[in-house]
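Working notes for the structure below.
Protein chains in written order, with our numbering: chain R, 3 to 295; chain U, 3 to 295.
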């Protein structure tokens, strides 16, 4: 069993991005600039956004954090997004999800300018991804592909089972892995809460991607000997063993599953770190106008 | 074995659409108006477009066919599309594919106004479909769903295998059938040219959707006893038994597969007819501004 070391990969890729940012600036390019909007004070969201801001600083990307209270009106948020859309100094804009219930996430996402949608959540970016056009691929699916690529894990013709059909992970990663090219050309089955015989289906997978957000759901008897297991779950659960009182837990029972795998991602230290790196990459692409003019 | 009778369904639904068009006009609505652009003289394209024009007339939808020669420049085509986008009398616009090699299909598709894209090929409509927002669903996937719905075929928890990963059939139908709701909630596997052991995978399917465009590819030993088989293939092959010299052939060896099925679509007389009906439905939605204002 080999650990897919998200921490090591993330450091490696961040160094590459930092070099690329420097080179871009050295040839007269602007400093890439990411704006992040955070509504409310959800602890998980606070920590994700803080991680993104920190990662930007590490690679020479400027970031601006814009905060609103939980009770902000949707229209005010939309005005702010429109203002940022028109601000030529800002290359990328993300709005941390989830948003409070009185705000339509879909409306917010569609308000973000396509060329600044570095989270890749806008329908144009999703639609372009589906038909194989250049686009911002959303950060978690892009991170999963990056792990497979960097570890040279073969995907062509492999049986890949994705568990979880969320808009931001399960659906896009299932589409990407079944597309032409590498990492892709896999035969992908998308499973979800209505799937019958999940154990039977999952245990045939050469590549198993767990993305349902249910801590410890995937057990050893659901995993084939020699499988590649990618654990996308990051659930904060209470713990009296950590200083913060919380710990991050994946969707996979790591201790019992790991011995059966050829490769497996840990949580923490796996996919999550690559997600942030993908966001940095997209922000650099935005500054360079590589995808949209 | 029960035949999924596309002809009967198409007639039934066309009658419903005709009634809806009449009712819309009776309450002051405009006559829905579809514009179709046809480039060149490909025999299959000619016949598809003629079928669409005829179907429009049958339900009281006005249609305008705009023809260009094979050697038309991309820019002229784009100018025409832009003109139609701005023409308030035209509700829906389709450009018959494939286009000649010197024209970028993606560029053409992205030029069509999202609210007139009744083929549902624009990235915004595909992206919205993926995340479950209101959109024009492209005609063939919508037609397949309509067949399942009208015959009350259960999809929840069923193993569904889609063979073929095209942008206009395989990918979207695999996404739609795995989504929440009905017809949906199926466990979908998307197979393609790089799939290994297709026979083994296909022969486990409760619902098998053949959409690779290879006449007679699906044989009896690839189909489970009692399966629902949807044949999307429509390939024109030469025949000395028809007046036209051509016959339409599906991806399924109908004669040997049909006896094993619970339900099966014939070719011709199956999915193809529903495809045209879905286009009429989208055109009516466009005239009513049901999805976009």
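Ideal placement from N, C-alpha and C gives every residue a C-beta, glycine not left out.
From the beta carbon of residue 187(R), is the nearest beta carbon of chain U less than 7 Å away? yes
Whole-angstrom distance between residue 81(U) and residue 163(R), CA atom to CA atom: 45 Å
Pick from 257(R), 185(R), 247(R), 246(R): whose alpha carbon is nearest that of residue 219(R)? 257(R)
Secondary structure at residue 145(U), three-state DSSP: helix, strand or coil? helix
Are the beta-carbon atoms belonging to residue 285(R) and residue 120(R) less than 7 Å from one another? yes
Please report whether the beta-carbon of residue 1(U) lies at a distance below 7 Å from any beta-carbon of chain R. Residue 1(U) lies beyond the stretch modelled for chain U, which goes from 3 to 295, so this question has no answer here.
Strictly under 7 Å for the Cβ-Cβ distance: is residue 173(U) near chain R by that measure? yes
Distance CB(residue 213(R))-CB(residue 234(R)) smaller than 7 Å: yes
Give the residues from the region 191-212 of chain R that approach chain U closer than 8 Å (Cβ to any Cβ), ordered along the chain. 191, 192, 193, 194, 196, 197, 198, 203
Can you have a look at residue 88(U) and say buried or exposed, based on whether 16 or more other CB atoms are within 10 angstroms of its CB? exposed
Please give me, in chain order, every unbroken run of the beta strand (DSSP E) with length at least 3 that falls completely inside the region 139-184 of chain U. 161-165
Residue 34(R) and residue 63(R) closer than 7 Å at C-beta: yes
Just mark residue 204(R) as buried or exposed, buried being the case when its beta carbon has 16 or more other beta carbons within 10 Å. buried
Count Cβ pairs between the region 67-75 of chain R and the region 14-31 of chain R that sit closer than 8 Å; are there 3 or more? no
Please give the ranges of any beta strand (DSSP E) in the region 15-48 of chain U, keeping only runs that are unbroken, at least 3 residues long and fully inside the region. 35-41
So which residues on chain U does residue 293(R) lean against when the C-beta distance must stay under 8 Å? Near residue 293(R) there are no residues of chain U at all, since even the closest Cβ is about 12 Å away, more than 8 Å.
Taking DSSP as the reference, what is the three-state secondary structure of residue 193(U)? strand
Local Cβ density within 10 Å of residue 188(R), reported as buried at 16 or more and exposed below that: buried
Could you check whether residue 251(R) and residue 239(R) sit closer than 7 Å to each other, using their CB atoms as the reference points? yes
Does residue 159(U) get closer than 7 Å to chain R when you measure Cβ to Cβ? yes
Am I right that residue 273(R) and residue 142(R) are in contact with their C-beta atoms under 8 Å? What's the rounded C-beta distance? 7 Å
For residue 303(R), which of 113(R), 58(R), 261(R), 270(R) has the nearest alpha-carbon? As shown, chain R starts at 3 and ends at 295. That puts residue 303(R) outside it, with no answer to give.
Listing by chain order, which chain U residues have their CB less than 9 Å from the CB of residue 132(R)? 125, 128, 129, 131, 132, 169, 173, 174, 177
Once you ignore the five residues that flank residue 130(U) on each side, which residues in its own chain have a CB closer than 6 Å to its CB? 137
Would residue 153(R) be called buried (16 or more neighbouring beta carbons within 10 Å of its own) or exposed? exposed
Residues of chain R with CB under 8 Å from residue 108(U), in chain order? 133, 135
6 Å Cβ shell around residue 117(U) - same chain, five flanking residues per side excluded: 294
One question on the structure: do residue 2(R) and residue 83(R) come within less than 7 Å of each other, judged by their Cβ atoms? Any answer about residue 2(R) is impossible in this case: the structure gives chain R only from 3 up to 295.
Tell me whether residue 112(U) is buried or exposed, calling it buried when 16 or more other Cβ atoms sit within 10 Å of its Cβ. buried
Would the beta-carbon of residue 38(R) fall within 7 Å of that of residue 96(R)? yes
Are the C-beta of residue 180(R) and some C-beta of chain U separated by less than 7 Å? yes
Suppose you measure from the CA of residue 159(R) to the CA of residue 148(R); what does that come to, to the nearest Å? 18 Å
Can you tell me where the alpha helix (DSSP H) with residue 289(U) in it begins and where it stops? 273-289
Would you mind stating whether residue 128(U) and residue 132(R) have Cβ atoms separated by less than 7 Å? yes
To the nearest angstrom, report how far apart residue 288(R) and residue 108(R) are at their CA atoms. 22 Å
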